[in-house]
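Each remark here refers to the structure printed beneath this line.
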Amino acid sequence: VIAVVDSYVSMEVRLEGSVFMPQELTRAKDLTASYLDLPYKTWICSCEEKLCDFPMCERMQSFQYPMDVVVVNVRASNATDAMRYLEASLSVAKLLQAEVFPGLGTIEINSTAFRKNFMKSPSFEIDNTTVADVLENEEQDANVSHVANFIVNIVAQQDTPYDHAGNELIYFSILPVQHRLFLNNSFTDDATDGGLMTVPPNVTSVCHVVCQSATLSLRSNQYWNGLVLYQVVMHQSQVSRTFVLHVLPVNQLPTFLVQPQLFLLSDSLQTLHDLVYLASAGPLEEAAQPMTGSILLGSTVLGEAELQLGRGSFRVTMTSPPLAPGWNNLTMQVRDSQGGEARHPFQLYLFTAQDIPSMFVNDRCTVSCELQSFVSPILVHEPALNYSLEAPDRSLLVALDLSAAGSLYWVTKRNSVGSFTLVLSISWYNAIFQRTDFTSRELVATVACANQPPVFTIDQPVVIQRQQDEPQSVSVALARDVWPSEAVGICNEAEQHVTFQLVDVTSSDSFDCGVDRASIFPPTTCSLSPQVVNFWSPPVVLSNGSISFQLAPLTFGLSSYNLTLYDDGSPSARSLTSPVCVLVLPVNHAPSFSMVVSEVTVLECTAPEACRHTIRLVENVSAGVNESCQSLSFHVVPFSARIPAFPHREWQDVNKDDLTGANRLHGDLQLFASSSDIVVDVTSGNIS
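No gaps in the numbering here: position 421 of the sequence shown is 413 in our numbering, and each next residue is one more.
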């Protein structure tokens, strides 16, 4: 068996069932040395003699080779000798077979190098599966890529040299034929790789005595991709093969910077200028890819924009919610057309500005109107922010101010109609772009025509009448200066009609119009409490301000009302409510009675003492209407008399106030025991 192991040319002579004789071994060594023209016979050894350091002997002994195997080893001093020994091995084997060991049988050639080099033509194969796809070099300092088993099944030519270790020396060269870079559709036949490779590829043989395969080493240029057709040539034999190296493109993730902090007014369409800057979709041809930026709050997209020239300004409506007043942690996402995506966090401070409520004609701001927390929340720490409020047209304004606490103060002119615009701005210094950035919002305040409440004036809220025995109709002036509004010269208020509404609140005692009930309704009225006026026609107040009603006979008392003025605007407006009272003062009616008899006749009293007589004289005695609680008394005044001591005189009526002179009554004291003795009892109607 002829083999090449390390730097030895080894010949194993195996005798089946036989034992080497010493003279046979000696003759074999001598013959081999003579044929190979070796300078020193000691370079030839056999394992059983233990005379050399040939490493295969140890391996053979460890495998318990039978002693009927003789190994003749020749160690070459250089690669040329090793090749020469190898070429002569076949002749030596045949010579030993013929002269030393006749009848051995077929010679077995176990040397790979010998088998390939002497029995086949030089060749090699490229395993295309190992280089089908090579990823793009993404890093500037990327290491060289090694493709193992790039070349396989190597058969060298017969004169292939060996190195000092006994390994075949096989060299390959690799040369570009044509290339196609990036997205080009055609190849360029200029025998270059077009710059795809940083250094030319290199092929290195992998040999253990013989070369079984070769490794391809290459490094592509950063971010380059494309196809290169290469030709691989094996030296000495000039055998060549071609293959296509495909450096696949890898979509680079976009890169960008985002402003770390921005400020924005909510509830308005705002432009976030240059929120994204220094944006790139990738190197080289990837730079042309369109990119889209998205503002994310969690998974919610708040705004999107196409990035242009490496920057992105976002015109979005920021509202609350989903954003919260104050600091919000957001994410900027940039995506290219190939799906590459990158994200960076940033913060946005959200201010809220209240809408200014509508103002109407005649609304009064005697000092100022205030809208607290008009801007909120106010930042009191860094960064420094400037708050400003402008009104381009101040024709409706007297004053306008924005406090440090974010409250809005304003004073509008009275009786002015229209609208004015307020521009709220918040600005700050942008150190990134060395400029002043701002966020602003326009707010419109309206002074509109509103239906103003009507007005009227009441000088005396109490309408006073006196009790009468007959029904009485009353119509007197109550309200003056009755107008549809305080300022009738605007908003067509003067064309409106007004109507008074009088609501009876007597039972609730809501108002008494300042009437001293105790003094007006003394106990002599026999009423435990002031009476409610009895109306045949209840009071109404006409649009001219006069009040009309019809009183029932003999009624008196106090009735209370709420008086309100309404207009017919849209919607209807009402005035303030004023109290109105109708007071009917009681009258003390004269008592009345009727006479039962008009003449009383009694006999002369002849007794020594005065005589008493009791005779019913009157009936139907009444103190007056609703005056039964009054105390009554009869007062009897004699106004005519006929005294028997005088000549006969006819009865005559004399006014009691004219009882003077000849008509003076002189006999009454003579006729009655005493003038006080003439008494008429109210209860019985008797005169005594």
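For glycine and all other residues, C-beta sits at the position ideal for the given N, C-alpha and C.
Since this is a predicted model, take the numbers as computed values, not measurements.
Where do the ends of the beta strand (DSSP E) carrying residue i lie?
| i | result |
| --- | --- |
| Ala531 | The question names Ala, yet the displayed sequence has Pro at residue 531. Start and end: 527 to 533. |
| His138 | 137 to 147 |
| Gln457 | 454 to 458 |
| Val236 | 231 to 240 |
| Leu188 | Leu188 -> no beta strand (DSSP E), and no H or E assigned at all. |
| Cys361 | 361 to 363 |
| Glu117 | 115 to 118 |
When the Cα atoms are used, what is the spatial distance from residue i to residue j?
| i | j | result |
| --- | --- | --- |
| Leu256 | Asn321 | 13 Å |
| Ala316 | Gln339 | 12 Å |
| Gly398 | Ser258 | 15 Å |
| Val507 | Asn618 | 22 Å |
| Asn526 | Pro463 | 10 Å |
| Val628 | Asp673 | 11 Å |
| Gln223 | Val195 | 12 Å |
| Ser625 | Glu611 | 13 Å |
| Leu568 | Ala582 | 45 Å |
| Val439 | Ile418 | 26 Å |
| Asp461 | Pro476 | 40 Å |
| Ser232 | Ser178 | 25 Å |
| Asp182 | Pro275 | 25 Å |
| Leu435 | Phe366 | 11 Å |
| Asp559 | Thr404 | 25 Å |
| Leu249 | Ala345 | 30 Å |
| Thr180 | Arg172 | 6 Å |
| Val390 | Thr491 | 35 Å |
| Gln262 | Gln253 | 15 Å |
| Pro114 | His336 | 60 Å |
| Val169 | Gly302 | 38 Å |
| Val592 | Ser586 | 15 Å |
| Gln622 | Ser584 | 13 Å |
| Ser540 | Gly410 | 43 Å |
| Leu267 | Ile424 | 11 Å |
| Asn678 | Val594 | 14 Å |
| Met48 | Asn243 | Confidence at Met48 is low in this model, with a pLDDT of 42, below 50, so the placement of that residue is unreliable and no value is reported for it. |
Could you name the residues that DSSP lists as bridge partners for residue i?
| i | result |
| --- | --- |
| Leu435 | Leu414 |
| Trp319 | Tyr341 |
| Arg695 | No answer is possible for residue 695: it lies beyond the span of the chain, which begins at -7 and ends at 680. |
| Val495 | Asn554 |
| Phe164 | Met226 |
| Gly549 | Val576 |
| Gln542 | Ser465, Ser529 |
| Ser586 | Glu611 |
| Leu470 | Partner(s): none; Leu470 has no beta bridge. |
| Gly295 | Ile287 |
| Gln253 | Gln339 |
| Leu394 | Leu400 |
| Ile679 | Ile607, Val672 |
| Ser380 | Ser417 |
| Arg406 | Beta-bridge pairing links Arg406 to no other residue. |
| Pro571 | Asn554 |
Closest by CA to residue i, which one among the options?
| i | options | result |
| --- | --- | --- |
| Asp347 | Leu87, Leu400, Tyr379 | Leu400 |
| Cys603 | Met226, Ser205, Ile670 | Ile670 |
| Asn554 | Pro453, Gln488, Pro252 | Pro453 |
| Phe548 | Thr180, Pro578, Ala345 | Pro578 |
| Leu167 | Ala391, Val147, Asp155, His227 | His227 |
| Leu299 | Phe412, Gln325, Leu288, Ser291 | Gln325 |
| Ala469 | Thr292, Ser329, Leu534, Val293 | Leu534 |
| Thr207 | Ile146, His138, Asn243, Gly186 | His138 |
| Asp328 | His265, Asp393, Ala280, Arg307 | Ala280 |
| Leu237 | Leu219, Phe430, Val202 | Leu219 |
| Arg566 | Ala437, Leu289, Phe448, Gln149 | Phe448 |
| Gln230 | Val293, Phe116, Trp216 | Phe116 |
| Gly187 | Trp216, Ser205, Glu362, Pro153 | Trp216 |
Within this structure, are the beta carbons of residue i and residue j separated by less than 8 Å?
| i | j | result |
| --- | --- | --- |
| Leu342 | Gly304 | no |
| Arg608 | Ser676 | yes |
| Met283 | Pro246 | yes |
| Ser432 | Leu416 | yes |
| Leu546 | Gln444 | no |
| Arg211 | Thr184 | no |
| Phe164 | Val202 | no |
| Leu494 | Pro531 | yes |
| Gly561 | Arg472 | no |
| Cys441 | Cys483 | yes |
Strictly under 8 Å for the Cβ-Cβ distance: is residue i near chain D by that measure?
| i | result |
| --- | --- |
| Glu333 | Protein chains in the displayed structure number just one, and chain D is not present. |
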